[in-house]
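For the protein sequence lines, the chains are A and B, in the order given. Residue numbers for the first sequence follow numbering that gives the first Met the number 0, beginning at 0 and rising by one. Residue numbers for the second sequence follow numbering that gives the first Met the number 0, beginning at 0 and rising by one. For each residue, glycine too, the CB sits at the ideal point set by N, CA and C. Only a predicted model underlies this, so the values are computations on that prediction, with no experimental measurement involved.
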Amino acid sequence: MFDSDPRALIEDSLARCVPRRAILKQLVAMGLALPAASALLDACSGQAAGGSSAKVTISLWTHTHPPMIQLMKTLIKEYEARHEGVTIDYQQIPNNEFGPKMLTALSSGSGPDVINMDDVSLRGDYIPKGLVVPVDPKALGYESVEALTSRYIPGAFVGATGGDGKIYGVPLEYDAAAFGFHFDQFQEAGLDPSSPPRTWGDVATMGRQLVQYQGGTMVRQGFDFLYLHSGWYTDFIELLLHQTGGHILNSQRTASVIAQSRSVQALTIWNDLINKYHVGDPHVSSTDATVPYSDFYTGKLSMTVLIGPWAQAQMQQTYAGQYRQVKMAAVPQVDPSRPASRCYGYFMAVNKASKVQEEAWKFIAYVTSQHDRWLSDVLFVQPIKGWQNTAAARKIDFIDVWAESYATAKFDEVGPHWSEIEDTLKSSIQDTVFNGVPPETSFTRAQSEIDRILKG
Amino acid sequence: MMPSRRSPVEREGRAGRGLSAPWSPLRLRGHQERALVGVLMALPALAFFAAFAIYPILRVFYLSLFEYNLTSPERWIGLGNFAYLFADPTFKAAVVNTAVYVVGTYLPTIVLALLIAIGLNHRSHVAGVLRTIYFVPVAMTWVVVTIMWHLIYNRFGLLDQLLHLHTNWLTDGTWAPLALIIMSVWKEVGFFVIIFLAGLQSIRHDIYEAAAVDGAGPLRIQLHVTLPLLRPVLAVATIFAVIRGMQAFTPQYVLTDGGPGDATQVINLLVYKTAFVYAEMGRASAIAVLMFGALLVMTLLQLRIFRARSA
Numbered sequence: 000m001f002d003s004d005p006r007a008l009i010e011d012s013l014a015r016c017v018p019r020r021a022i023l024k025q026l027v028a029m030g031l032a033l034p035a036a037s038a039l040l041d042a043c044s045g046q047a048a049g050g051s052s053a054k055v056t057i058s059l060w061t062h063t064h065p066p067m068i069q070l071m072k073t074l075i076k077e078y079e080a081r082h083e084g085v086t087i088d089y090q091q092i093p094n095n096e097f098g099p100k101m102l103t104a105l106s107s108g109s110g111p112d113v114i115n116m117d118d119v120s121l122r123g124d125y126i127p128k129g130l131v132v133p134v135d136p137k138a139l140g141y142e143s144v145e146a147l148t149s150r151y152i153p154g155a156f157v158g159a160t161g162g163d164g165k166i167y168g169v170p171l172e173y174d175a176a177a178f179g180f181h182f183d184q185f186q187e188a189g190l191d192p193s194s195p196p197r198t199w200g201d202v203a204t205m206g207r208q209l210v211q212y213q214g215g216t217m218v219r220q221g222f223d224f225l226y227l228h229s230g231w232y233t234d235f236i237e238l239l240l241h242q243t244g245g246h247i248l249n250s251q252r253t254a255s256v257i258a259q260s261r262s263v264q265a266l267t268i269w270n271d272l273i274n275k276y277h278v279g280d281p282h283v284s285s286t287d288a289t290v291p292y293s294d295f296y297t298g299k300l301s302m303t304v305l306i307g308p309w310a311q312a313q314m315q316q317t318y319a320g321q322y323r324q325v326k327m328a329a330v331p332q333v334d335p336s337r338p339a340s341r342c343y344g345y346f347m348a349v350n351k352a353s354k355v356q357e358e359a360w361k362f363i364a365y366v367t368s369q370h371d372r373w374l375s376d377v378l379f380v381q382p383i384k385g386w387q388n389t390a391a392a393r394k395i396d397f398i399d400v401w402a403e404s405y406a407t408a409k410f411d412e413v414g415p416h417w418s419e420i421e422d423t424l425k426s427s428i429q430d431t432v433f434n435g436v437p438p439e440t441s442f443t444r445a446q447s448e449i450d451r452i453l454k455g
Numbered sequence: 000m001m002p003s004r005r006s007p008v009e010r011e012g013r014a015g016r017g018l019s020a021p022w023s024p025l026r027l028r029g030h031q032e033r034a035l036v037g038v039l040m041a042l043p044a045l046a047f048f049a050a051f052a053i054y055p056i057l058r059v060f061y062l063s064l065f066e067y068n069l070t071s072p073e074r075w076i077g078l079g080n081f082a083y084l085f086a087d088p089t090f091k092a093a094v095v096n097t098a099v100y101v102v103g104t105y106l107p108t109i110v111l112a113l114l115i116a117i118g119l120n121h122r123s124h125v126a127g128v129l130r131t132i133y134f135v136p137v138a139m140t141w142v143v144v145t146i147m148w149h150l151i152y153n154r155f156g157l158l159d160q161l162l163h164l165h166t167n168w169l170t171d172g173t174w175a176p177l178a179l180i181i182m183s184v185w186k187e188v189g190f191f192v193i194i195f196l197a198g199l200q201s202i203r204h205d206i207y208e209a210a211a212v213d214g215a216g217p218l219r220i221q222l223h224v225t226l227p228l229l230r231p232v233l234a235v236a237t238i239f240a241v242i243r244g245m246q247a248f249t250p251q252y253v254l255t256d257g258g259p260g261d262a263t264q265v266i267n268l269l270v271y272k273t274a275f276v277y278a279e280m281g282r283a284s285a286i287a288v289l290m291f292g293a294l295l296v297m298t299l300l301q302l303r304i305f306r307a308r309s310a
């Protein structure tokens, strides 16, 4: 059919249809038009913050706590309605996956614009690694960082302060510990609910009266801590360490001191309660981190330490019947004359890689300004000065117990390679509490393990 | 008429183009052209494989010589990660636990699967139904199986209720490894039954008839006919078993998270934690390299042993 090269034919016909100069002109025009179109698309895609008319998408990741998620979604809707063009992409990450996912995402320069992170991870990983940015007081609606911090109770920002003294987050949730007990079970066991335990010795004595067995299995524990992921183990051992005066690391955070007597005393208290006085059985404890206190909520656990008011709210909302049989008291002490407790916080912070940092801080300003709603709906305390005297606070059950706990609480110690150290602590506590290894042996082994981790 | 010495493709191509001279700058013979087309067609897949399999493997070897925590620049430390691991009690525990898991799970699994396969190696409706039943756990994901067994092992669960026991299956350092092994045997038997059945069905029936005529009883037939003829399949099955066992992750992650203590810590779980929880990518890569080396050596050893016996 063809009597010559077909390509030559095509080129020839093209040359006749469209002159080369015209093609060149079109290419130059396209070259000019592309950057303009790109800029327009950038403006519309929300990648560039700026004017109020620009479309902005702010991504937010939090852990899973149903009441928190519910209120967060409501606040997001309100914020989007008030800020035309702003969209909040909200994702919840299961609690046990939260740390690895967030750290991996942020480390690779991606991840959400806004993160809601516990103070231990923030101080242990995110701030030292430069993954988050210092607060932007102007975007938060304050003249200066001092103006921001002066609105909150002293020490509230310790959990979000870096080694450089800068503040990297705003508290969404500030938690202290309280002692919860089922007063109906106290009455049933012949105990006086108006005199809850003041010391760990009292817990041992009362706990033995509250325990119930069925066919050799403990079906109701008198007292126990929770056995979930390593962070929870660390929470409880730190509570006891605050009381015994023990530490995990030395003051320079270069070596472990957990084999010292005061630190071993903390694990001994825990071990004695379980393996000497048998007030609890960790082998029957729930391990569902989504509803951490399910054993306590359902009455299978008579007494426990609640590490934040949110647990009280969760019980009130989901186990209303059982909640009516529960009271809160101050956390039992090693020495009641020198009460000590722990606190922790979740702080909203902004990813260093975020391209919408100013917008992200504005969103955080809105979310963290709803103090009363966080308190009444989720029982998240935001530690603004006088929070316990607000109308919302006065409606909360046992608010004085919680307020007193905040007064004696301090943030946990944190050090380098903290995730690995937490896993080591979890293993050593399990060795003792589950498998009967003496506390001295467990913590001596933990000390050498932590030293090795710190040396790298 | 002389037959054309050109390939059909070449003939068709030239005829199709209707040209007196090829316009390709390369003058290729038929088979070369076919090879080139093959390579070009495979190139996207090869590029994909190189980017997502070869490069990450090489990168793991490279990273194992560095300290790298995702956020700071990589720092060359030579064999530092390996030295750290050899002194690390958690790594040692993971190696021992992995070995116990591999042997404890796959030795009984292979024996059981072989016996079941021999028992099911005949045509009947019952055998067909039983084969399906044994295969059901294989079709289930590890996560589903693990959650199911979590309920079974619960202190108020099926196992303790049925056997009137008070065993802390998942929270006692002695029982937890055994609990994982029992669950894994249940899950894995079906997979090996299928492999052995395929092997058994490839053995000619007249060999059995000849053995029977020679006076061999059922046990001798299995020992002296079936097993020797199944040796290649057994070799493959053992290699599969070691690889699957060494790669165990989900049961330990979901059921016990490596605990209590380090009782069920296995190598893959340690790699995951080291990389994604502790952000120690260099050290995690070093563990992966060691695991790769161990797997390679074991596979070669297994092949050698089976070859030596076949010779």
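Q.
Measuring alpha carbon to alpha carbon, tell me which residue in B:R282, B:P227 and B:P231 is nearest B:R303.
A. On the second sequence, residue 303 of chain B is found 304 positions in, with the first residue counted as 1. Cα-wise, what sits closest to B:R303 is B:P231.
**Q.** Whole runs of the beta strand (DSSP E) within the segment 111-145 of chain A, excluding any shorter than 3 residues
**A.** Whole beta strand (DSSP E) segments, 3+ residues: 113-117.
(Q) Within the continuous alpha helix (DSSP H) that includes A:T86, where are the two ends? (A) Counting from one through the first sequence, the residue named residue 86 of chain A turns up at place 87. Not the alpha helix (DSSP H): A:T86 falls in the beta strand (DSSP E), residues V85 to I92.
Q) Going by Cα to Cα distance, which pick from A:A390, A:G344 and A:E357 is closest to A:A176? A) To locate residue 176 of chain A, count along the first sequence from 1; it is residue 177. Checking every option, the nearest Cα to that of A:A176 belongs to A:G344.
Q: Report, in whole angstroms, the separation of the C-beta atoms of B:T89 and B:D261, which I expect to be a contact under 8 Å.
A: In the second sequence, counting from the first residue as 1, residue 89 of chain B sits at position 90. In the second sequence, counting from the first residue as 1, residue 261 of chain B sits at position 262. Confirmed, about 6 Å.
(Q) Quick check on the burial criterion: 16 or more other C-beta atoms within 10 angstroms. Buried or exposed for B:W75? (A) Your numbering for residue 75 of chain B matches position 76 in the second sequence. B:W75 comes out exposed.
Q. Rounded to a whole number of angstroms, what is the C-alpha to C-alpha distance between A:D278 and A:G385?
A. To locate residue 278 of chain A, count along the first sequence from 1; it is residue 279. To locate residue 385 of chain A, count along the first sequence from 1; it is residue 386. Position check: residue 278 of chain A holds Val in this sequence, whereas Asp was assumed. Their Cα atoms are separated by approximately 38 Å.
Q: Please confirm if B:G260 has its CB atom under 9 Å from at least one CB of chain A.
A: The count along the second sequence starts at 1 and reaches residue 260 of chain B at position 261. It does: the Cβ of B:G260 has a partner Cβ on chain A nearer than 9 Å.
Q) Expressed to the nearest angstrom, what Euclidean distance is found between the alpha-carbon atoms of B:T298 and B:L106? A) For this step, residue 298 of chain B is matched to residue 299 along the second sequence. For this step, residue 106 of chain B is matched to residue 107 along the second sequence. B:T298 and B:L106: Cα-Cα distance of roughly 16 Å.
Q. Can you list the residues of chain B that A:G215 reaches, using a CB-CB cut of under 7 Å?
A. The residue you call residue 215 of chain A lines up with position 216 of the first sequence. Taking a Cβ-Cβ threshold of 7 Å, the residues of chain B close to A:G215 are H165, in chain order.
Q. So with Cβ pairs under 9 Å, would you call A:S194 a contact of chain B?
A. Taking the first sequence and counting its residues from 1, the one referred to as residue 194 of chain A is at position 195. Not a single CB atom of chain B sits nearer than 9 Å to the CB of A:S194.
Q) Based on the DSSP output, what are the partners of A:V304 in its beta bridges? A) Looking up residue 304 of chain A in the first sequence gives position 305. When beta bridges are read from the DSSP output, A:V304 appears opposite A:F178.
**Q.** Per-residue contacts from A:S418 into chain B (C-beta, under 9 Å)
**A.** Counting from 1 along the first sequence, the entry for residue 418 of chain A is found at position 419. Identification of chain B residues near A:S418 by a Cβ-Cβ cut-off of 9 Å yields K272, V276, Y277 and A278, ordered along the chain.
Q: Mark A:A348 as exposed unless 16 or more other C-beta atoms lie within 10 angstroms of its C-beta, in which case mark it buried.
A: One-based indexing of the first sequence puts residue 348 of chain A at position 349. A:A348 should be labelled buried.
Q.
Quick check on DSSP: helix, strand or coil for A:R15?
A. As a position in the first sequence, residue 15 of chain A is number 16, starting the count at 1. Summary for A:R15: the model assigns pLDDT 45, below 50, so the residue's position carries little reliability; its value from the coordinates is reported in the next sentence. A:R15 falls in the helix class under three-state DSSP.
Q: Could you pull the start and end residues of the alpha helix (DSSP H) that A:A408 belongs to?
A: Here residue 408 of chain A corresponds to residue number 409 of the first sequence, with the count starting at 1. In the DSSP assignment, A:A408 falls outside any alpha helix (DSSP H) and lies within the beta strand (DSSP E) extending over A408 to F410.
**Q.** Given 8 Å, three or more beta-carbon pairs between the segment 256-264 of chain A and the segment 432-448 of chain A
**A.** At 8 Å Cβ cutoff, the stretches touch.
**Q.** A:E358 versus B:T173 - alpha carbon distance
**A.** On the first sequence, residue 358 of chain A is found 359 positions in, with the first residue counted as 1. On the second sequence, residue 173 of chain B is found 174 positions in, with the first residue counted as 1. Whole-angstrom Cα-Cα distance: 54 Å.
Q.
Check whether chain A comes within 9 Å of B:A285, counting only Cβ atoms and requiring the distance to be less than that.
A. Walking along the second sequence from the start, residue 285 of chain B turns up at place 286. Among the CB atoms of chain A, none fall inside 9 Å of the CB of B:A285.
(Q) Contact criterion: CB-CB distance below 9 Å. Does A:E83 meet it with respect to chain B? (A) Mapped onto the first sequence, residue 83 of chain A falls at position 84. Taking Cβ atoms only, chain B never reaches closer than 9 Å to A:E83, which makes this a no.
Q: Starting from the Cα of A:W401, find the closest Cα among A:Q387, A:F222 and A:E412 and give me that residue.
A: One-based indexing of the first sequence puts residue 401 of chain A at position 402. Nearest to A:W401 by alpha-carbon distance, out of A:Q387, A:F222 and A:E412, is A:Q387.
Q.
Is there a C-beta anywhere in chain B that falls below 9 Å from the one on A:G455?
A. To locate residue 455 of chain A, count along the first sequence from 1; it is residue 456. Output row for A:G455: interface = yes.
Q | Test: B:F90 CB closer than 9 Å to a CB of chain A | A | Numbered from its first residue, the second sequence carries residue 90 of chain B at position 91. By the rule that beta-carbons nearer than 9 Å mark a contact, B:F90 does not touch chain A.
Q. So what does DSSP say about A:Q25, is it helix, strand or coil?
A. Taking the first sequence and counting its residues from 1, the one referred to as residue 25 of chain A is at position 26. Any reading at A:Q25 needs caution, since the residue's pLDDT is 47, under 50, leaving its predicted position unreliable; the model's value is listed next. In the three-state scheme derived from DSSP, where H, G and I count as helix and E and B as strand, A:Q25 is classed as helix.
Q) To the nearest whole angstrom, what separates the beta carbons of A:A138 and A:K361, a pair I think is in contact under 8 Å? A) The sequence position of residue 138 of chain A within the first sequence is 139, counting from 1. The sequence position of residue 361 of chain A within the first sequence is 362, counting from 1. Sure, about 5 Å apart at Cβ, within 8 Å.
Q.
With distance defined between alpha-carbon atoms, name the residue in A:N95, A:I395, A:E79 and A:L378 nearest to A:G307.
A. Here residue 307 of chain A is taken as the residue at index 308 of the first sequence, counted from 1. Taking only the C-alpha atoms, the option nearest A:G307 is A:L378.
Q: Please work out which residues of its chain come closer than 6 Å, Cβ to Cβ, to A:L225, disregarding the five sequence neighbours upstream and downstream, and give them in chain order.
A: As a working mapping, residue 225 of chain A is identified with position 226 in the first sequence. The beta carbon of A:L225 is closer than 6 Å to those of W231 and P291 in its chain, skipping five residues each way along the sequence.
Q. Which residues does DSSP pair with A:Y151 in a beta bridge?
A. The residue given as residue 151 of chain A occupies position 152 in the first sequence. Partner(s): A:I383.
**Q.** Unbroken beta strand (DSSP E) run spanning A:K326, endpoints
**A.** The count along the first sequence starts at 1 and reaches residue 326 of chain A at position 327. First-last of the beta strand (DSSP E) with A:K326: V325 to A328.
Q: Leaving aside the five residues before and after A:G455 along the sequence, list all residues of the same chain whose C-beta is less than 6 Å from its C-beta, in chain order.
A: Here residue 455 of chain A is taken as the residue at index 456 of the first sequence, counted from 1. Excluding its 5 nearest sequence neighbours in each direction, A:G455 has no C-beta neighbour in its own chain below 6 Å.
Q | Interface flag, A:T440 vs chain B, CB-CB below 9 Å | A | Here residue 440 of chain A is taken as the residue at index 441 of the first sequence, counted from 1. Not closer than 9 Å to any Cβ of chain B, the Cβ of A:T440 fails to qualify, so no.
Q. Applying a beta-carbon distance threshold of less than 7 Å, which residues of chain A neighbour B:T70?
A. In the second sequence, residue 70 of chain B corresponds to position 71, counting from 1. Taking a Cβ-Cβ threshold of 7 Å, the residues of chain A close to B:T70 are S106, K128, G129 and L130, in chain order.
Q | 7 Å Cβ shell around B:A116 - same chain, five flanking residues per side excluded | A | Along the second sequence, one-based indexing puts residue 116 of chain B at 117. Around B:A116: V192, F195, L196 and L199.
Q) Nearest CA to the CA of A:L238: which residue from A:P65, A:D287 and A:S340? A) Locating residue 238 of chain A in the first sequence gives position 239, where the first residue counts as 1. Selected option, being the one with the closest Cα: A:S340.
Q. Hey, out of A:G189, A:G214 and A:T56, whose CA is closest to A:G206's CA?
A. Locating residue 206 of chain A in the first sequence gives position 207, where the first residue counts as 1. Closest by alpha carbon: A:G189.
Q: Kindly say whether B:V142, judged by its beta-carbon, lies nearer than 9 Å to any beta-carbon of chain A.
A: Translated into the one-based positions of the second sequence, residue 142 of chain B becomes position 143. Not one chain A Cβ lies under 9 Å of B:V142.
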